[in-house]
Amino acid sequence: MATQKMLKFVTLGKEMPEKRAASMRAQDFDEIYREYAADKAAEQAGRCSQCGVPYCQSHCPLHNNIPDWLKLTAEGRLEEAYELSQATNTFPEICGRICPQDRLCEGNCVIEHSGHGTVTIGSVEKYLTDKAWEMGWVKPIRPQAERPESVAIIGAGPGGLAAADVLRRKGVQVTVYDRYDRAGGLMTYGIPGFKLEKPVVMQRIEQLELGGVNFVLNCAVGVDLSFDAIRGQHDAVLIATGVYKSRDIEAPGVGAAGVVKALDYLTASNRQSFGDEVADFDSGELNASGKRVVVIGGGDTAMDCVRTAVRQGALSVKCLYRRDRANMPGSQREVANAEEEGVEFVWLSAPKGFTGGVEVDGVMVQKMRLGAPDATGRQSPEVIEGADYVEPADLVIQALGFEPEDLPTLWNVPELKVTRWGTIKADFRTHETNLPGVYAAGDIVRGASLVVWAIRDGREAADAILGYLKQPEVMAAE
Numbered sequence: 036m037a038t039q040k041m042l043k044f045v046t047l048g049k050e051m052p053e054k055r056a057a058s059m060r061a062q063d064f065d066e067i068y069r070e071y072a073a074d075k076a077a078e079q080a081g082r083c084s085q086c087g088v089p090y091c092q093s094h095c096p097l098h099n100n101i102p103d104w105l106k107l108t109a110e111g112r113l114e115e116a117y118e119l120s121q122a123t124n125t126f127p128e129i130c131g132r133i134c135p136q137d138r139l140c141e142g143n144c145v146i147e148h149s150g151h152g153t154v155t156i157g158s159v160e161k162y163l164t165d166k167a168w169e170m171g172w173v174k175p176i177r178p179q180a181e182r183p184e185s186v187a188i189i190g191a192g193p194g195g196l197a198a199a200d201v202l203r204r205k206g207v208q209v210t211v212y213d214r215y216d217r218a219g220g221l222m223t224y225g226i227p228g229f230k231l232e233k234p235v236v237m238q239r240i241e242q243l244e245l246g247g248v249n250f251v252l253n254c255a256v257g258v259d260l261s262f263d264a265i266r267g268q269h270d271a272v273l274i275a276t277g278v279y280k281s282r283d284i285e286a287p288g289v290g291a292a293g294v295v296k297a298l299d300y301l302t303a304s305n306r307q308s309f310g311d312e313v314a315d316f317d318s319g320e321l322n323a324s325g326k327r328v329v330v331i332g333g334g335d336t337a338m339d340c341v342r343t344a345v346r347q348g349a350l351s352v353k354c355l356y357r358r359d360r361a362n363m364p365g366s367q368r369e370v371a372n373a374e375e376e377g378v379e380f381v382w383l384s385a386p387k388g389f390t391g392g393v394e395v396d397g398v399m400v401q402k403m404r405l406g407a408p409d410a411t412g413r414q415s416p417e418v419i420e421g422a423d424y425v426e427p428a429d430l431v432i433q434a435l436g437f438e439p440e441d442l443p444t445l446w447n448v449p450e451l452k453v454t455r456w457g458t459i460k461a462d463f464r465t466h467e468t469n470l471p472g473v474y475a476a477g478d479i480v481r482g483a484s485l486v487v488w489a490i491r492d493g494r495e496a497a498d499a500i501l502g503y504l505k506q507p508e509v510m511a512a513e
């Protein structure tokens with residue numbers, strides 16, 4: 036019945052004159068969508084086979100009890116389903132929106148493997164948690180007892196916020212330091228709003244604030260406040276800064292106007308959606324409107340860039356990737372979404388340089404082929420001689436991934452050990468670094484990865500910190 040309502044609404048919207056369709060009340064659509072979503076959530080949850088070996092759960096980094104909360108959802112026991120889902124996941128409404136389920140839980144669904152199409156786990160998780168917020172099932176953070184110990188968290192991204200949630204619920208005094216003016220990290224300024232609506236992130240941050248987490252924003256560690264000062268004010272420190280240093284292309288013309296970094300481009304777009312004044316967006320420097328856009332890269336950040344450019348009204352959007360579709364690191368679902376929106380993918384292509392002089396007007400493209408496998412087993416791209424051409428472009432976005440900043444130097448802590456890749460060395464079980472009472476979690480340890488892995492790391496690190504705070508030597512030092 037609800038499905039019929041939805042179809043009727045869509046049909047009317049197409050048939051009605053444009054002005055009349057535009058004037059339909061938003062809440063009418065909202066009400067129909069909610070009813071439709073409820074029916075679809077129950078239908079999809081009911082498809083779960085409750086198999087003996089829940090591969091969906093084992094392939095979820097948080098090991099969420101997916102089969103059981105799907106069963107509760109199918110039975111209409113939504114509040115219980117939500118309670119079970121959030122028991123292992125600090126931000127289920129965020130994971131439901133942005134996790135690459137096609138590579139994790141849904142991609143390992145037994146029904147999917149049998150050829151009948153996966154249970155849409157992510158969509159059910161999103162619906163379930165949105166319903167929980169709407170119905171008031173998301174409880175405030177109210178520790179049973181306050182504790183005197185204080186923990187500093189450097190970085191207000193998913194890993195840091197997940198740790199803050201765990202620690203605060205145990206009564207620990209938590210202060211989160213972050214360089215930006217809003218908490219959330221890449222969830223706020225990196226991931227576009229059409230994938231992760233910003234009010235969804237802000238409501239979790241507000242919950243943490245109301246629960247007693249103290250946020251110190253616009254604070255660049257090593258500039259506004261030293262790492263040693265932070266360490267001296269707290270009983271333990273968690274480093275959860277993420278990785279923000281963009282990988283640059285080394286090619287002639289890379290410094291031309293119009294050749295920009297993905298994070299700068301996405302941040303400008305997200306700030307603009309918050310209503311901030313963004314000079315580089317208003318000037319057109321970081322705005323794709325009316326431009327021929329070329330995005331270089333094959334990961335999820337590249338997908339965010341191409342789909343943002345489409346929404347900004349780009350004249351054309353192309354994505355260059357040096358391998359083929361099968362070897363693309365980004366989500367195949369995201370690629371399909373981008374193609375549906377008009378993005379053209381140019382496989383086996385890499386930038387050789389940029390034309391135009393002061394302002395870019397094209398990308399010099401060299402065609403590639405896949406050769407012998409490298410050390411990881413992936414086929415290495417090789418240049419096809421004599422197959423170069425120029426791809427016209429007014430805006431080129433570099434989306435080649437991120438690397439860690441040199442924190443020991445930036446923070447003047449040379450004794451903090453890092454790996455040869457620049458990530459912080461930390462115990463993979465406890466997340467403790469070589470400095471006593473200093474922990475690290477998320478991308479700054481594992482390298483650029485998924486939000487769900489950062490949440491897992493943050494929760495694990497918080498548990499380890501709680502154990503550390505109970506040690507006799509720490510208690511004696513208070």
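36 is the number of the first residue of the sequence shown in this note's numbering; add one for each residue after it.
Beta carbons: idealized from backbone N, C-alpha and C, even for Gly.
Keep in mind it's a predicted model, so treat the numbers as computed, not measured.
Whole-angstrom distance between residue j and residue i, CA atom to CA atom
i: Gly190; j: Arg494; result: 14 Å
i: Cys140; j: Glu394; result: 45 Å
i: Met338; j: Val370; result: 7 Å
i: Gly406; j: Ile284; result: 22 Å
i: Thr343; j: Glu184; result: 44 Å
i: Glu426; j: Gly334; result: 21 Å
i: Ala314; j: Arg112; result: 49 Å
i: Met237; j: Thr411; result: 39 Å
i: Ala187; j: Gly472; result: 11 Å
i: Asp74; j: Val329; result: 41 Å
i: Ala373; j: Thr153; result: 21 Å
i: Gln433; j: Asp423; result: 19 Å
i: Gln506; j: Val272; result: 15 Å
i: Gly228; j: Asn305; result: 7 Å
Proximity of residue i and residue j at Cβ, strictly below 9 Å
i: Val480; j: Cys130; result: no
i: Ala467; j: Val278; result: Correcting the residue identity first, residue 467 is Glu in this sequence and not Ala. The answer is no: Cβ separation not under 9 Å.
i: Ala476; j: Gly150; result: no
i: Gln307; j: Asn249; result: no
i: Glu320; j: Ala292; result: yes
i: Lys402; j: Val378; result: no
i: Ala361; j: Asp396; result: no
i: Ala109; j: Ala72; result: no
i: Cys354; j: Phe380; result: yes
Helix, strand or coil at residue i [DSSP, three-state]
i: Tyr503; result: helix
i: Phe126; result: coil
i: Asn372; result: helix
i: Met403; result: strand
i: Phe229; result: coil
i: Thr164; result: helix
i: Lys106; result: helix
i: Ala475; result: strand
i: Pro234; result: helix
i: Pro416; result: strand
i: Lys280; result: strand
i: Ser185; result: strand
i: Val480; result: helix
Neighbourhood of residue i by C-beta distance below 6 Å, restricted to the same chain and skipping five residues each side
i: Ala323; result: Ala344, Gln347, Ala349 and Leu430
i: Ile490; result: Thr125, Pro193 and Ala197
i: Leu202; result: Val186, Val209 and Ala497
i: Gln79; result: Val154, Thr155 and Val159
i: Leu252; result: Asp213 and Asp216
i: Glu114; result: Trp172
i: Ala218; result: Ala191, Ile240 and Phe250
Spatial neighbours of residue i in its chain, beta-carbon cut-off 8 Å, leaving aside the 5 residues before and after
i: His269; result: Ser185, Val186, Ala187 and Thr210
i: Ile459; result: Ile274, Pro439, Leu442, Leu451, Lys452, Val453, Thr468, Ala475, Ile479 and Val480
i: Gln62; result: Low per-residue confidence applies at Gln62: pLDDT is 43, beneath 50, and the placement is therefore not dependable, though the value from the model is reported in the following sentence. Correct list: empty, nothing qualifies.
i: Trp446; result: Val256, Gly257, Ser261 and Phe262
i: Ile265; result: Ala187, Ile189, Tyr212, Val256 and Val272
7 Å CB neighbourhood of residue i in its chain, flanking five on each side removed
i: Ala499; result: Thr465, His466, Glu467 and Tyr474
i: Asp103; result: Leu119
May I have a chain-ordered list of the alpha helix (DSSP H) segments no shorter than 4 residues that lie completely inside the region 340 to 401?
Counting only runs of 4 or more, we get 367 to 375.
If we require 4 or more residues per run, which alpha helix (DSSP H) segments fall completely within the region 436 to 476?
Here the runs fully enclosed are 442 to 445.
Identify every run of the alpha helix (DSSP H) within the region 250 to 301, keeping only runs that are complete inside it and at least 4 residues long; order them along the chain.
The region 250 to 301 is shown to contain whole alpha helix (DSSP H) runs of 4 or more residues at 262 to 268, in chain order.
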